[in-house]
Each structure stands twice: as structure tokens, then as C-alpha cells.
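Q:
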Amino acid sequence: MQGYNFAYLDETTKRMIRRAILKAVAIPGHQVPFASREMPLPYGWGTGGIQLTASLIGADDVLKVIDQGADDTTNAISIRSFFARTAGVRTTTHTDAATLIQTRHRIPEIPLRDDQIIVYQVPMPEPLYRLEPSRAVSRRMHAMADYGPMHVKLYEDITRFGRVAVSYDHPVVVNRRYLMSPSPIPAFDNPKLHRMPALQLFGAGREKRIYAVPPHTDVVSLDFEDRPFNPIRAPHRCALCGAEHSYLDEMVIDDRGGRMFACSDTDYCASYQAREA
Amino acid sequence: MSVLLEARHISHRFGRTLALDDVSLTLRRHEILAIVGESGSGKTTLLNMLSGRLTPQSGDILYYDGHAATSLRVRGERAVRTLQRARWGYVAQDPRAALRLDISAGGNIGARLMASGARNYDDIRAMAARWLEAVEIDVDRLDDWPRTFSGGMLQRLQIAATLVTDPELVFMDEPTGGLDVSVQARILDLIRSLVRRLGLAVVIVTHDIGVARLLADRLIVMRRGCIVEHGLTDQVLDDPQHPYTQLLVASVLPV
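First to last, the sequence lines map onto chains A and B. Residues 310 to 586 in our numbering are what the first sequence lists, from first letter to last. Residues 6 to 260 in our numbering are what the second sequence lists, from first letter to last.
(1) By the 10 Å Cβ neighbour count, where 16 or more other Cβ atoms means buried, how is P495(A) classified, buried or exposed?
(2) Got a sec: which bits of the segment 104 to 123 of chain B sit with their beta carbon under 9 Å from any beta carbon on chain A, in order along the chain?
(3) What residues of chain A sit near Y69(B), judged by a beta carbon separation below 9 Å?
(4) Report all residues from its chain with a CB closer than 6 Å to the CB of Q340(A); omit the five preceding and five following residues, and keep chain order.
(5) Shortest alpha-carbon distance to T170(B) belongs to which of R197(B), W93(B), Q240(B)?
(6) Under three-state DSSP, which class holds T356(A)?
(7) Would you give the residue range spanned by the alpha helix (DSSP H) that F391(A) belongs to?
(8) Less than 6 Å between C-beta atoms, sequence neighbours within five positions excluded: which residues of the same chain meet that for L88(B)?
(9) Whose C-beta lies closer than 7 Å to the C-beta of E36(B) among residues of the same chain, with five residues either side of it excluded?
(10) Suppose contacts are defined by Cβ-Cβ distances below 8 Å. Is Y556(A) in contact with D535(A) by that definition?
(11) Does G94(B) come out as helix, strand or coil in the three-state DSSP assignment?
(12) Can you look up H35(B) in the DSSP assignment and give me helix, strand or coil?
(13) Throw me the rounded Cβ distance for the R230(B) and D26(B) pair, which I believe falls under 8 Å.
(14) Against I164(B), what residues of chain A qualify as contacts under a CB-to-CB distance less than 8 Å, listed in chain order?
(15) With 16 other CB atoms within 10 Å as the buried threshold, where does P442(A) fall?
(16) Applying a beta-carbon distance threshold of less than 7 Å, which residues of chain A neighbour Y126(B)?
(17) Straight-line CA distance for G236(B) to D128(B)?
(18) Hey, out of A39(B), R34(B), L159(B), whose CA is closest to D178(B)'s CA?
(19) So, using beta-carbon positions, are L409(A) and Q360(A) closer together than 8 Å?
(20) For Y68(B), is the classification buried or exposed, using 16 other Cβ atoms within 10 angstroms of its Cβ as the cut-off for buried?
(21) Could you have a look at K517(A) and say whether DSSP puts it in helix, strand or coil?
(22) Please list the partners that R86(B) has in chain A, where partner means a Cβ-to-Cβ separation under 7 Å.
(23) Taking buried to mean at least 16 other C-beta atoms within 10 Å of its own C-beta, is R364(A) buried or exposed?
(24) Are M54(B) and Y464(A) close, meaning C-beta to C-beta below 8 Å?
(25) To the nearest angstrom, report how far apart S327(A) and R135(B) are at their CA atoms.
(26) Who are the Cβ neighbours of E302(B) in its own chain at under 6 Å, not counting the five residues just before and after it?
(27) S422(A) and A507(A) look like a contact to me (Cβ under 8 Å); what is the Cβ gap, rounded to whole Å?
(28) Closer than 9 Å by beta-carbon distance: list the chain B residues that pair up with V461(A), in chain order.
(29) Is it buried or exposed for I419(A), if we count other Cβ within 10 angstroms and need 16 for buried?
(30) Mind pulling the alpha helix (DSSP H) runs of 4 or more residues that sit fully within the segment 70 to 124 of chain B?
(31) Would M348(A) and R86(B) qualify as a contact pair, given that the criterion is a beta-carbon distance under 8 Å?
(32) Could you name the residues of the same chain whose beta carbon sits closer than 8 Å to that of N499(A), not counting the 5 residues immediately before and after it, in chain order?
(33) Buried or exposed, going by whether 16 or more other CB atoms sit within 10 Å of the CB of E141(B)?
(34) Taking DSSP as the reference, what is the three-state secondary structure of G42(B)?
(35) Less than 6 Å between C-beta atoms, sequence neighbours within five positions excluded: which residues of the same chain meet that for P180(B)?
(36) Between Q98(B) and V210(B), what straight-line distance do the alpha-carbon atoms span, to the nearest angstrom?
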């Protein structure tokens, strides 16, 4: 593409972001500030993830972009074609064919490998955000590993609703040290974060933060000894492929209360259908 | 009795105001020490320094932990926070500022347990219920929000939330301020019985001579950032030596 650098961002910016990535990898779960740039799409559409992807991608990378598990939604398609145009890289919808995966709200069902990198788009990197209004105080709490208030919130949820009431963005402790927001992935996906062979990078464009989980790092979801972390999954099979263990989306299909449950991971669903056929 | 906390030559300025001027004191185990004085005499500043919430510009605070005495400055912020979360307690004048009003009474009591690492929901809940009873609040209120509590109940809830970790040292800043007289009497009664039963050491800041008389073993009278008189409570109040203490004792309204 004429008039643009490879993968849109200029090389100095990429270098700045790579430095932040290195620091983030060195301190698993710690939020590293970076000079987030204006991107040609609005905040909330994945500006943090795109900047990470742009500074990592090379000419021989194969890119996959997921939005809510799907490869064919507006956000996924536009980000994929953005990099196809600005970097000329190959793109794919197949999880196992990709070297770089940018995602929003899901982790692919197929386990990732150590030659893959997954980039998460993060709206709010601070897990203490709803508990502590002052950012300066929450940074101090991170520094002192003062995470009691987060457990108070879980206590309160169990007391009031009988279970932890968050079904997504369930807070985790990384490497037995930092409390981290896993981004708004369903709690169902939290166990996949634990000791994942692939490098996991998290980018928040509006909040100007990057954090990371290096390969094979311990990631533990917060819970109580006698109320263990217990993610929920709709108790159905996928209506399209029949998968029993994948994360399902619930869709209202008519005006008479009809519902359909289908895999949220479209690539997994398609390959499952192909295999069953 | 052995020394628990010691302040050595503490001085502190807020801008041009000298808030504390070379203050030294010791607190022994199981002892109740009252700091009295008028507004602006530096008693709350002194309490904040003793409790590690504020670092003095000069001088040292030493906490006797087992055998060794280590200054808070040397211990560092993280160690002091750990002390503050469990072995020390702080009861503020306004329970609304200290408690979380959007969290149930049980959650408020359990907060310090969870901050010091308790991770068993049922245990935390049972402990919270026990402490609610200990401060004479109906156990039915365990899951109620503090905003539905009266002022006196809130103060009792704060006391429960502070004592739940079984601290050895509690700092109190006017714990009965802003409450009506009959409620004050009940709170004082509760504090007195709990403190004696648990063998706590307490530093209590008050401008109410009556509170000091009722609770304290020893008394420190402060004025303009200096300790002007100190001694056993009865001794100081019955036979005040310093003119300012005489004035203070004389200005108590007779009933």
C-alpha cells in the first residue's frame, strides 16, 4: 500500500510498543503503560490489540482475527483486511494455521501451540477498577499485593446470589503475584489461560496499557477453598455441529421464545461439522 | 509490663505550622493510653504517626515485635501494611468513612480476614457472625447493608470489623464522637469490656475527659504539638499540675 509503512504503524512506534511488550513479559500480569497511538478506528474496537499486532507481525505471519469467537463478524473482518492491505500478510480463519491470533472476548477451543501468539483486545485492564476509584491507590495495591477487596467482592456475590455473579472477566492471579483482568472472555475460557504454551499479550488502547502472560505461566482464577471457581456453560449441544464441550452462544430465533445454542467459535464449529460429515 | 510501641523525638510540620514538636512516649502491652487536648493540639497527627498512616519528618516510631524493636521506617511500607491489616487496628471517628457501605455487614467484618489471607467462605462467615454477636448486633443483620444501620450500630460494626483479626494494638480516634450520650455510654461500655477481655493495648485520642477517665490507664495531655503533662489517669485528672491541664479539667461541665 502506497504512503504507509508496513503494518500501518511507523517503526519508532513499533519499537516503543515492543519495549513495553518485553517489560510486560518480564513481569507477568503487570500493567505496563505505553504511548498508545490514534488508530484509524474508534476506541473500543480493538485499538490496543491492533497496535500489538502491528508491532509483532512479520511478512511471513499468518493472521487470524476473532470477534466473540467468530471470524465473520464486522470487527474481525475489518481488522483482518486492515492487515491484509497494510502488511500484505496471509490471513486465515483456521486456528491451527495461524501464527498470530488477535481476539476479542474468546480463546479458541483448539489448544494453542508454543509457536503461536495470541493478542487480546482489552477494554479495561485494571481489575480493581470497580472497587477502587483512584488509579494511584490501585497501583499501590498492586505494588503491595493488597488484593483483599477483590475477595470481599466475591464474598459479597456468593452471599447475595449464591455464587460468583461475574460470568466473564473473572479476575485471575498470574504467577502467584499480580491480579489481572483476563479481558472480557467468558469464565469458561479462564482455565485455558493457565500454562498455555502460546505467548499471551493484552492491549488496552484507550487505557494505554499492555500486559502479558508468558508461555507456561500459572494463571489461577480467584475463588474460595470451599467455593471453588466453577465456570458455567449452557447445558446443551451445539445445534450446528453437535459439539458437547465447546462454549455456546444462545440465539433467539423467532418471536415465540424459540432458542438455539451454537458454538461461539465458528472455526471450531466448521471443522467439527466437517469431521462428523 | 513490656513496651509495645515507642515514639522517639517525633517532630512534624505542615507547611509553617509545627504540628508535633519533639514528642516521645511509650505504650506497654495491655495498656490503654489516652491522648487528650483541644482541637489542633496535634493529637490526631500523633495517632496517625503511631499507627503508620503518616511518616514523621524527624524522629522514630518503634514497634516491639517479640523481642526486637524495629522502627516503622526500617520495616518499610509493605511490612507496616501487613501489621495494619492484622495485628493493629484503627477505629475511626466516622464509621461511614471506614466501612464500605455497599458491602454487607458480614463482608465488612470479613474484609480484614480476607486481606490477611483467609480463603474459606464458611469460616469467614462464621467468624463474622460471631463478632456481630460480640458487639451486640443481631446476627440476622449479617447480610444487611451498613446503610440500614443506626450511628451507634455502625460504630459497633466498625469495632467488630477491626477486632476480627485479633489485634494486639488498636488505635482509636474519638470513637464516641458524634454519637448521642446514651449511645456513647453503650459504646464505651463495649470497648471497655472487649479491651479488658482481649488484653488489647489501645491508644485512644479524645477531647472528652470523661472518656479518658473511664477507659485509660495513663493519660497524655497535648497542647500546640507538645506533651504538657503525662501520668496515671486519676493522678493527672485529680491533681493537674500544668495550667493548661487545670483549665481542661476545670472546663468539664458538672452534671
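Backbone N, C-alpha and C fix where the C-beta goes; we use that ideal spot for every residue, glycine too.
A: According to the data block:
(1) buried
(2) R105, D107, I108, S109, G111, G112, N113, G115, A116, R117, L118, M119, A120, S121, G122, A123
(3) Residues of chain A passing the Cβ test: none, with the nearest at roughly 23 Å.
(4) P434, R518, Y520
(5) W93(B)
(6) helix
(7) 383 to 395
(8) none
(9) M6, A206, D222, R223
(10) no
(11) strand
(12) coil
(13) Correcting the residue type first, residue 230(B) is Gly in the shown sequence and not Arg. Their Cβ separation, rounded to whole angstroms, is 4 Å, which keeps G230(B) and D26(B) in contact under 8 Å.
(14) Going along chain A, no residue has its Cβ under 8 Å from I164(B), so there is no contact; the nearest lies around 18 Å.
(15) exposed
(16) Y464, I467, F533, D535, R536
(17) 43 Å
(18) A39(B)
(19) no
(20) buried
(21) coil
(22) M453, D455
(23) A quick correction: the sequence has Ser, not Arg, at residue 364(A). When all chains shown are included, S364(A) counts as buried.
(24) no
(25) As written in the sequence, residue 327(A) is Arg, which differs from the Ser given in the question. Whole-angstrom Cα-Cα distance: 53 Å.
(26) No answer is possible for residue 302(B): it lies beyond the span of chain B, which begins at 6 and ends at 260.
(27) Contrary to the premise, residue 422(A) reads as Arg rather than Ser in this sequence. Right, their Cβ atoms sit about 6 Å apart.
(28) R105, I108, G112, N113, G115, A116, M119, A120
(29) exposed
(30) 77 to 80, 82 to 90, 100 to 103, 110 to 120
(31) no
(32) H479, V481, P491, V528, S530, F538, P540
(33) exposed
(34) strand
(35) V96
(36) 10 Å
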